[in-house]
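Position 127 (the sequence shown) corresponds to 168 in our numbering; numbering is contiguous.
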Amino acid sequence: MENFIKNLKISNFKSIREAELECGRTNLFVGKPNVGKSNVLEALSLFCCPFNKSKKFLSDFIRYERFKNLYYFQNTEKPIVVNSNIGGYLINHHYQTETYDLFLGTEIAIENQKKEPIDRSGFRNKYSTSKEVIEIGTALIQDDGQCSDNHINNYSPIKKYSFDPNQRIDVREKTFLLPPYGTNLFAVMGTNQKLKEIIPELFEEYGFEFLIDSEKSTFYLLRRENRIGYTIPYSLIADTLQRIIFHYAAIFSNKDSVILFEEPESHSFPPYVRELAFKIIESTDNQFFITTHSPYLFDTIVENTPPEELAVFVTYFEEYETKFKKLSNDEISEAMDYSLDIFASINNFVHG
């Protein structure tokens, strides 16, 4: 993989004052509720700005009311910096105008911008010849989230996916599933051979056939009786199955991508969660950052992923900031050998 995050540094973002993570191909974040697990995904989600479709900048990817909410305890004196070996970003605050400068670029470009700040046009001119995974870009953002002077590229390998049953699926773009809501799911399903093979299997045990109507960009379930077919609209399919299809599409329509999932097991039947875990394991040409509360997802991934590809981060809140402890291979093995429920033993791993 070219687009592989090995080292991730996060500074002054939401509840994360300072963090440095050594990442694997599959990265699992576990911890109690409200300790800041999702803030890791949100910090990475700012790389999704090429996929932004909302008027309020990245509001489909990151939770905030005012843009200053993205800063650690709203401390805008220091910049937000998220950096990695494949690139990073920096956000500066202007007090007089209550606006924010966003800089996207290479690891070195962001480090230089942190040490010796220059304006947006100067940044673009200085690093315009840089050809890296995260391309050079800048934007001006108001405190209410309105974005202007946007010079951001139209693609990013980092993609956050969030299932929303109320989203319209009407985009005909046929490449990869579009973040965050998969609004081109029908188009992707119609062209992706792997999905055509595995999705119908979900409905075989119920006696249904899975139909793709490429002209109307929709799906149906078909029940045959006495040589007559009866169709069921996709919108009436069980929520659990729609979620599984969505996550399968995110996995198998991408290649050489960094995929972000926040609790993908939500509202899902445990055997389906286990199958989803296996699909994540099989997708060796993608990198994953996943928050989870599911023993089914966690155990399946940990038991079946090569140790050198796995990173497990116990996430906790201490002294008013989110902190991370990466478990060693021995600690992971001990937890699995003794059938220890890691979710019930978080404190043992943090302070043990």
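A virtual CB, placed ideally from N, CA and C, is assigned to each residue, including glycine. Values in this document were obtained by computation on a predicted structure and should not be read as measured data.
Residue pairing from DSSP places Y141 in a beta bridge opposite H134, I182.
Per DSSP, F244 is one residue of the alpha helix (DSSP H) stretching across 242-245. Closest in alpha carbon position to E176, among I193, A84, F102, R104, is I193. In terms of Cα proximity to F114, the closest of T363, F384, K235, P206 is T363.
Contact annotation: A180 and L143 have beta-carbon atoms nearer than 7 Å. DSSP places T332 within a strand segment (E or B) once states are collapsed to three.
One thing to note: I103 has its Cβ no nearer than 7 Å to the Cβ of I46. In the displayed model, R213 falls within coil according to three-state DSSP, outside both helix and strand. A straight-line Cα-Cα distance of about 8 Å links I321 and F329. In the DSSP assignment, R284 falls outside any beta strand (DSSP E) and within the unbroken alpha helix (DSSP H) covering 280-293. The beta carbon of E83 lies closer than 6 Å to those of I103 in the same chain, with the five residues before and after it left out. In the three-state scheme derived from DSSP, where H, G and I count as helix and E and B as strand, K201 is classed as strand. Under the DSSP assignment, K320 falls in the alpha helix (DSSP H) whose first and last residues are 311-323.
According to DSSP, F70 shares a beta bridge with T332, F354. Under the three-state reduction of DSSP output, L262 falls in the strand class. Per the coordinates, the alpha-carbon of H308 lies some 42 Å from the alpha-carbon of K155.
In the structure shown, the three-state DSSP call for D101 is coil. The criterion of a C-beta distance shorter than 7 Å is satisfied by I253 and F260. Around the beta carbon of K55, 16 or more other beta carbons lie within 10 angstroms, which makes this residue buried.
In terms of Cβ geometry, K215 and T232 form a close pair [threshold 7 Å]. Shortest Cα-Cα distance from P348 to any of P274, P336, D371 involves D371. By the neighbour-count criterion, in which a residue is buried when 16 or more other Cβ atoms sit within 10 angstroms of its Cβ, K94 is exposed. Each residue's CA atom was taken as its position, placing E59 and V71 some 18 Å apart. Between the region 208-227 and the region 277-293, the count of C-beta pairs closer than 8 Å reaches three or more; the two stretches touch. Counted as a single uninterrupted DSSP element, the beta strand (DSSP E) harbouring T363 occupies residues 362-367. Annotated as proximal: E306 and L338, with beta-carbon spacing under 7 Å.
Straight through space, the alpha carbons of Q208 and N225 are spaced by roughly 11 Å. Here F54 is bridged, per DSSP, to I57, Y112. Between S298 and V314, the C-beta spacing is not below 7 Å. Taking a C-beta distance under 7 Å as the contact criterion, E303 and S125 do not qualify as a contact pair.
Residue range 269-274 is occupied by the beta strand (DSSP E) that includes T272.
The C-alpha of S203 lies about 9 Å from the C-alpha of F287.
R268 has its alpha-carbon roughly 59 Å from the corresponding atom of V123. Within the model, the alpha-carbon separation for L145 versus L111 is close to 16 Å.
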